[in-house]
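So the sequence shown is numbered by the numbering used here: it starts at 6 and just counts up by one. Virtual Cβ for every residue (Gly too), placed ideally from N, Cα, C. Predicted model only: the values in this text are computed from it and were never measured. What follows is a set of notes on a single structure, which appears directly below.
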Amino acid sequence: NPEEVFAAYDGSGTDCMMLQEGIEFEDYFRCYGVGQRDVLVMRYNPGAANSQARYEEVDRSPIPPKMLKRVEKDVLALCRALGYDLNTVEFAVRDGIPYAIDFMNPAPDADYHSVGLDSYKWVVETVGKFLVEKARSTAGVRQFSANGYLEPSEAE
Numbered sequence: 006n007p008e009e010v011f012a013a014y015d016g017s018g019t020d021c022m023m024l025q026e027g028i029e030f031e032d033y034f035r036c037y038g039v040g041q042r043d044v045l046v047m048r049y050n051p052g053a054a055n056s057q058a059r060y061e062e063v064d065r066s067p068i069p070p071k072m073l074k075r076v077e078k079d080v081l082a083l084c085r086a087l088g089y090d091l092n093t094v095e096f097a098v099r100d101g102i103p104y105a106i107d108f109m110n111p112a113p114d115a116d117y118h119s120v121g122l123d124s125y126k127w128v129v130e131t132v133g134k135f136l137v138e139k140a141r142s143t144a145g146v147r148q149f150s151a152n153g154y155l156e157p158s159e160a161e
C-alpha cells in the first residue's frame, strides 16, 4: 500500500532503495557470474527452511535450453553493466519470463554446505582460473562506466 512504501522511503535517509513487484513465480534461478564471462545457473527455492534446502528442494528437470540461454545472457549483461567480476543474480520466472530479483551481490555465499558439492567445485575452479588470469595479465584495470548499457543496442 502507498503508506508503507512512503514510510519505507522516508526512513531510508540517503540509502538507495529499490521498489520491486512481488513475483508469483513458477521457476526460480540463482546464478553465479564470474569474470563477466562464465555463468552457472542453478534452480533455487527461496522459500525453503535453510540455505542448504534452497538448493536441494528444487525441480531437478533440465532447464529448457532457450530459458538457460536467456538467463545466462541476462546475468552477463547485469554483471558487465555493474562492473562486477563476481556476482550472483536471482531470477523469478513468471509466464516464461525471467525477472531479475536480486542482482547486486558481489560477495555471494559459496559455502559447500549451502550450494552443494557440484556448485562449490564450479565456483572454486572458475574463480581460481579467473584470478590466475588476472594475476598474469598485463592489462590495466578497466575504469567502470555505465555508458553503453543505458541505451538499447540496435541488435535488440
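Asked                                                                                                                : Found
C-alpha gap between residue 7 and residue 29, whole angstroms                                                        : 20 Å
Counted within 10 angstroms of its Cβ, other Cβ atoms place residue 14 as buried (16 or more) or exposed             : exposed
Within 9 Å, strictly: CB atoms of residue 120 and residue 38                                                         : no
Closer than 8 Å: residue 98 CB and nearest the ligand ADP heavy atom                                                 : The model on display carries no ligand, and the ligand ADP is accordingly not part of it.
Pair within 9 Å by beta-carbon distance, residue 59 and residue 50                                                   : yes
Local conformation of residue 112 per DSSP, three classes                                                            : coil
8 Å Cβ shell around residue 118 - same chain, five flanking residues per side excluded                               : 56 and 57
Which of helix, strand or coil DSSP assigns to residue 7                                                             : helix
Nearest candidate by alpha-carbon position, reference residue 103, set 76, 89 and 90                                 : 76
For residue 99 and residue 45, the rounded distance between their alpha carbons                                      : 21 Å
Distance CB(residue 109)-CB(residue 87) smaller than 9 Å                                                             : yes
Host alpha helix (DSSP H) of residue 131 (start-end)                                                                 : 122 to 141
CA nearest to the CA of residue 112, picked from 12, 140 and 132                                                     : 132
First and last residue of the uninterrupted beta strand (DSSP E) at residue 31                                       : Taken as a continuous stretch (DSSP letters only), residue 31 belongs to no beta strand (DSSP E), as it is neither H nor E.
Which of helix, strand or coil DSSP assigns to residue 42                                                            : coil
Other residues of its chain near residue 106: CB distance less than 6 Å, five sequence neighbours each side excluded : 95 and 97
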